[in-house]
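Protein sequence lines correspond, in order, to chains A and B.
When the count follows numbering that gives the first Met the number 0, it moves up by one through the first sequence with no breaks and lands on 137 for the last residue.
When the count follows numbering that gives the first Met the number 0, it moves up by one through the second sequence with no breaks and lands on 140 for the last residue.
All residues carry an ideal CB built from backbone N, CA and C; glycine is no exception.
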Amino acid sequence: MQLIFAGLSGIIFGLGLILSGMTNPAKVKGFLDITGLWDPSLAFVMGGAILVGVFAFALAKKRGQTILGESISLPDDKQIDRKLVIGALIFGVGWGLAGYCPGPAIASLLSAGLQPVIFTLGMLAGIGLYKIFQSKQT
Amino acid sequence: MIIDWAHFTPLASLAGGALIGLAAAILVLFNGKIAGVSGILGGLIAKQQAAWRWVFIIGLVISPFIYGLVQPLPSTENQTSLLVLLIAGVLVGIGTTASSGCTSGHGVCGLSRGSLRSLVATLSFMFAGFVAVFIVRHLIG
């Protein structure tokens, strides 16, 4: 059952990314270009997602377990540290350079030519590199 | 700042956003998991609870073909060179792993949960994105 809902979630997530314009790197860059010709559309994507998300997460918290009766694992990390901010800044630079963030890149893997494939390979390498760095530190 | 009215799509973007919210709702209410794409990928690399992660990713990958059954896929435009895309990908991988989330994990799920940590992350990556595009488009380009 969990696998069915995970697949359904992935499909609906992807449909939302396509419909909203997030899978078009030129549109993402248009949103990030606030000092130029600015396309505010992507603010509406986040607005729409949060509008639905707020109810879902409030309900999840109130129920304390999933509809299938399993436990819910929400992040409990509340720490706001350098790692969070510097990591997010590095992510933002990559996002601005490519016009891709992780979701839209994966949703474009088989449907938008070589570019999202190269970006995704870089992203997987970056995730792996950081995990190696992390395990050597601890 | 000049608004780009020619490319402005508030209704489609709002509706698409609501679908993304619905996807996050399904994942948290049925599976108890956060729909953060970088986190899901990171878990795959670390080989943690791989099955549901694979299925979610496969759903994401096939979504354009399902979209295409209903209506033509919107045109996309990408003028970034492959080298820059590769470097950008590495930065996104490192950055999202260090900060434990991306536009979906922090931006959608985190803000929906009212997480202050996610708000700080979201403001940080938006700011860096604005600066990166400003430099590439208006200082170098």
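Per-residue DSSP class, three states only, for residue i
i	result
A/Leu108	coil
A/Leu70	In the sequence as displayed, the identity of residue 70 of chain A is Ser instead of Leu. A/Ser70: strand per DSSP, three-state reduction.
A/Leu36	strand
A/Gln1	helix
B/Ile33	coil
Distance, residue j Cα to residue i Cα
i	j	result
A/Tyr129	A/Ala48	29 Å
A/Asp76	B/Ser99	10 Å
B/Cys108	B/Leu138	34 Å
B/Gly128	A/Gly98	9 Å
B/Ile39	B/Ala45	10 Å
B/Trp51	B/Ile1	43 Å
A/Phe138	A/Phe56	The structure shown does not extend to residue 138 of chain A, since chain A spans only 0 to 137, so no value can be given for it.
Residue j beta carbon less than 8 Å from that of residue i
i	j	result
A/Pro115	A/Leu123	no
B/Val91	A/Pro101	yes
A/Leu2	B/Val54	yes
B/Leu115	A/Ile71	no
A/Gly9	B/Ile57	yes
B/Ser12	A/Ser40	yes
A/Gly93	B/Gly140	no
A/Gly46	B/Ala24	no
B/Gly41	B/Thr96	yes
A/Phe90	B/Phe124	yes
A/Gly125	B/His6	no
Bounding residues of the alpha helix (DSSP H) (the contiguous stretch that carries residue i)
i	result
A/Ser134	113 to 136
A/Arg81	81 to 97
B/Lys46	Taken as a continuous stretch (DSSP letters only), B/Lys46 belongs to no alpha helix (DSSP H), as it is neither H nor E.
B/Ile134	Segment: none, B/Ile134 is in no alpha helix (DSSP H) and carries neither H nor E.
A/Phe30	24 to 31
B/Ile150	The structure shown does not extend to residue 150 of chain B, since chain B is modelled only from 0 to 140, so the question has no answer here.
Closer than 7 Å, Cβ to Cβ, to anything on chain B: give me those residues from the stretch 36 to 59 of chain A, in chain order.
Leu36, Trp37, Asp38, Pro39, Ser40, Leu41, Phe43, Val44, Met45, Gly46, Gly47, Ala48, Ile49, Leu50, Val51, Gly52, Val53, Ala55, Phe56, Leu58, Ala59
Going along the stretch 66 to 92 of chain A in order, which residues come within less than 8 Å of chain B, judged by CB to CB distance?
Ile66, Leu67, Glu69, Ser70, Ile71, Ser72, Leu73, Pro74, Asp76, Lys77, Gln78, Ile79, Lys82, Leu83, Val84, Ile85, Gly86, Ala87, Leu88, Ile89, Phe90, Gly91, Val92
Can you list, in chain order, the residues of the stretch 13 to 38 of chain B whose Cβ is nearer than 8 Å to any Cβ on chain A?
Leu13, Ala14, Gly15, Gly16, Ala17, Leu18, Ile19, Gly20, Leu21, Ala22, Ala23, Ala24, Ile25, Leu26, Val27, Leu28, Phe29, Asn30, Gly31, Lys32, Ile33, Ala34, Val36, Ser37
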